[in-house]
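Engineer: I have a structure I would like to understand better, so I am pasting it below and will then ask my questions one at a time.
Number of protein chains: 2
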Amino acid sequence: MKAKHEVGTRERIVQATSRLMQRHGYEGTGLKEISREAQATLGSVYHFFPGGKLELAVEAIGEGDREFAELLRGVLARVDDPAEAIAACTRELADGMRASDWQDGCPVTTAALASSRRLPEVRDAAERAFANWHGIVRGKLVASGIDEETADELAHTVVSTLEGAEMTAQITRSTAPLDAAGTHLARLIRSYL
Amino acid sequence: MKAKHEVGTRERIVQATSRLMQRHGYEGTGLKEISREAQATLGSVYHFFPGGKLELAVEAIGEGDREFAELLRGVLARVDDPAEAIAACTRELADGMRASDWQDGCPVTTAALASSRRLPEVRDAAERAFANWHGIVRGKLVASGIDEETADELAHTVVSTLEGAEMTAQITRSTAPLDAAGTHLARLIRSYL
DNA sequence: ACGTCACTAGAACGAACGCTCTATCCAGTA
DNA sequence: TACTGGATAGAGCGTTCGTTCTAGTGACGT
């Protein structure tokens, strides 16, 4: 029935979960809502994810991790100058934000933040995502000649500011925070080159 | 029965809501949980907040707004140099974070982020909070001699970075993001003085 | 042709949700 | 003393939640 080229049920479920939790968080997303959005039945959801909502959330956060990492890696590879590259990231994020009418913030943060305290597995998945992004930014900075210790610290601020600015932009429905973040992160990075 | 000096029921309810939503978000916090934590009954909750959970959340976010604004205003008034003052803020946040064993992040963000799309009143309350904080930081920068346009933009980045670093610190259970944010925000501000 | 098994399908369960409702309590006033 | 009304108290409403369970489908190997 299912051709090789079309998206399988399992993947549809993960993507629907990621998309929904990106907008409404872990607690705000229901399993029936997920199965409806993924065009799958509850039976299929539990077939692929016997661990239920928790297992599904961990998988969805992993998906969000990969998405953001891909955006990051893509832009950082395309733009040589690290300061310019980070600024380009903020522009990319602003575009996505505007395109979704300020619906889609960071898929990891929104999904994990409120439930991280009660669900260690969710927190761990989110922590892995942050570590992943930090490593990507850090690598770019080191490759640009910044010493490892400085790059490590700077990468923390880059990730924090990108996340914070995206969140602020979402709440205020304005790209101003992301625009400012781009300007200032570029200036900050340049001061270390 | 109730003496003037002790905390009234209404205030206890608001504070319990703020505290609980700070940790578990809007959807993750139940009204019975709130009434239990506030040592009030459901009847009292609906007596003071006929609008139910939504009205309660808006009030709680306002409370979180005031809390963070007070911290900000306190530190910015105490430390003259704006770069040093913002760095001191990150230290204060890191202390609070560690003291709560990484339970208590930003009361506004955690409460509002996941539900902001479905509940405009919640989003509006959170937006007012961000605008408030932005104004406070902006005022400090202008008072330090930075021109208005630059200060406005810079205040956006300061708020975004503080929020993002607090969130990252919470998820990763480390003060490293906040420490880095302090160092780099100070450096950034200094570059405009 | 038949059996196997991954997958689909959705009814049904107990628990928890937000909220409504009636009953009661008690300080203040007449 | 009797009345009033803000505040307290919690049982119970209908709904939705995550999860479990059984039944059914259909592609594939033998």
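First to last, the sequence lines map onto chains A and B. The opening residue of the first sequence carries number 1 in our numbering; numbering runs sequentially from there. The opening residue of the second sequence carries number 1001 in our numbering; numbering runs sequentially from there. From the three backbone atoms N, C-alpha and C, an ideal C-beta is built for every residue, glycine too. Quick caveat, the model's predicted, so the values are computed rather than measured.
1) Residues of chain A with a CB under 8 angstroms from the CB of proline 1177 (chain B): which are they?
2) How big is the Cα-Cα spacing for threonine 90 (chain A) and arginine 1173 (chain B)?
3) Do leucine 1042 (chain B) and phenylalanine 1049 (chain B) count as a contact pair if the criterion is CB distance below 7 angstroms?
4) Along the chain, where does the alpha helix (DSSP H) containing glycine 968 (chain B) start, and where does it finish?
5) Apart from the five residues just before and just after methionine 1 (chain A), which ones in its own chain have a Cβ nearer than 7 angstroms to its Cβ?
6) Along chain A, in chain order, which residues have C-beta atoms closer than 9 angstroms to that of isoleucine 1171 (chain B)?
7) Any idea what DSSP makes of isoleucine 13 (chain A), helix, strand or coil?
8) Which two residues bound the contiguous alpha helix (DSSP H) that contains valine 1045 (chain B)?
9) Name the chain B residues that come within less than 7 angstroms of glutamate 27 (chain A), Cβ to Cβ?
10) Under the three-state reduction of DSSP, which class applies to aspartate 101 (chain A): helix, strand or coil?
11) Which stretch, first to last residue, makes up the alpha helix (DSSP H) that contains glutamate 153 (chain A)?
12) Check whether the Cβ of glutamate 1055 (chain B) lies closer than 6 angstroms to any heavy atom of the ligand PLP, and answer yes or no.
13) Are the CB atoms of alanine 180 (chain A) and histidine 1134 (chain B) within a distance shorter than 7 angstroms?
14) Just how far apart, CA to CA, sit glutamine 1015 (chain B) and valine 1142 (chain B)?
15) By the 10 Å Cβ neighbour count, where 16 or more other Cβ atoms means buried, how is proline 1082 (chain B) classified, buried or exposed?
16) Going by beta carbon distance, what residues of the same chain come within less than 8 angstroms of alanine 1249 (chain B), once the five residues before and after it are set aside?
17) Return the residue from the list A:Ser191, A:Ile189, A:Cys106 that minimises the CA-CA distance to glycine 164 (chain A).
18) Suppose you measure from the CA of glycine 1052 (chain B) to the CA of tyrosine 1046 (chain B); what does that come to, to the nearest Å?
19) Between alanine 114 (chain A) and the rest of its own chain, which residues show a CB-CB distance below 6 angstroms, the 5 nearest in sequence each way excluded?
20) Does valine 7 (chain A) come out as helix, strand or coil in the three-state DSSP assignment?
Structural biologist: The relevant details are as follows:
1) Here residue 1177 (chain B) is taken as the residue at index 177 of the second sequence, counted from 1. Those within 8 angstroms of proline 1177 (chain B) in chain A are His156, Thr157, Val159, Ser160.
2) For the purposes of this step, residue 90 (chain A) is identified with residue 90 of the first sequence, where counting begins at 1. For the purposes of this step, residue 1173 (chain B) is identified with residue 173 of the second sequence, where counting begins at 1. Roughly 26 angstroms separates the two Cα atoms.
3) On the second sequence, residue 1049 (chain B) is found 49 positions in, with the first residue counted as 1. On the second sequence, residue 1042 (chain B) is found 42 positions in, with the first residue counted as 1. Not in contact: phenylalanine 1049 (chain B) and leucine 1042 (chain B) (Cβ atoms no closer than 7 angstroms).
4) In the structure as shown, chain B starts at 1001 and stops at 1193, and residue 968 (chain B) therefore has no counterpart that could be examined.
5) Numbered from its first residue, the first sequence carries residue 1 (chain A) at position 1. Any answer about methionine 1 (chain A) is weak, because its pLDDT of 39 lies below 50 and its placement is not dependable; what the coordinates show is given next. Once the five neighbours on either side are set aside, methionine 1 (chain A) has no close Cβ partner at all.
6) Residue numbering aside, residue 1171 (chain B) sits at position 171 when the second sequence is read from its first letter. Under the 9 angstroms cutoff, chain A gives Val108, Thr109, Ala112, Leu113, Ser116, Arg123, Ala126, Glu127, Ala129, Phe130.
7) In the first sequence, counting from the first residue as 1, residue 13 (chain A) sits at position 13. Helix, per DSSP.
8) Position 45 of the second sequence, counted from the first residue, corresponds to residue 1045 (chain B). Element bounds for valine 1045 (chain B): 1042-1048.
9) Here residue 27 (chain A) refers to the residue found at position 27 when the first sequence is read from its first residue. What glutamate 27 (chain A) touches in chain B: Gly1025, Glu1027, Gly1028.
10) Against the first sequence, residue 101 (chain A) aligns to sequence position 101. In this structure, aspartate 101 (chain A) counts as coil in the three-state DSSP scheme.
11) Along the first sequence, read from residue 1 onward, the residue named residue 153 (chain A) stands at position 153. Element bounds for glutamate 153 (chain A): 148-172.
12) The ligand PLP is absent from the structure shown, which contains no ligand whatsoever.
13) As a working note, residue 1134 (chain B) is residue 134 in the second sequence. As a working note, residue 180 (chain A) is residue 180 in the first sequence. No, they are not a contact pair.
14) Walking along the second sequence from the start, residue 1015 (chain B) turns up at place 15. Walking along the second sequence from the start, residue 1142 (chain B) turns up at place 142. Going by the C-alpha atoms only, they are around 33 angstroms apart.
15) Taking the second sequence and counting its residues from 1, one reaches residue 1082 (chain B) at position 82. So proline 1082 (chain B) ends up on the buried side.
16) In this structure chain B extends from 1001 to 1193, so residue 1249 (chain B) is not present and cannot be described.
17) Numbered from its first residue, the first sequence carries residue 164 (chain A) at position 164. That would be A:Cys106, whose Cα lies nearest to the Cα of glycine 164 (chain A).
18) Locating residue 1052 (chain B) in the second sequence gives position 52, where the first residue counts as 1. Locating residue 1046 (chain B) in the second sequence gives position 46, where the first residue counts as 1. Rounded to whole angstroms, glycine 1052 (chain B) to tyrosine 1046 (chain B) spans 6 angstroms at the Cα level.
19) Taking the first sequence and counting its residues from 1, the one referred to as residue 114 (chain A) is at position 114. So the list reads Gly25, once near-sequence residues are dropped.
20) As a working mapping, residue 7 (chain A) is identified with position 7 in the first sequence. Valine 7 (chain A): coil per DSSP, three-state reduction.
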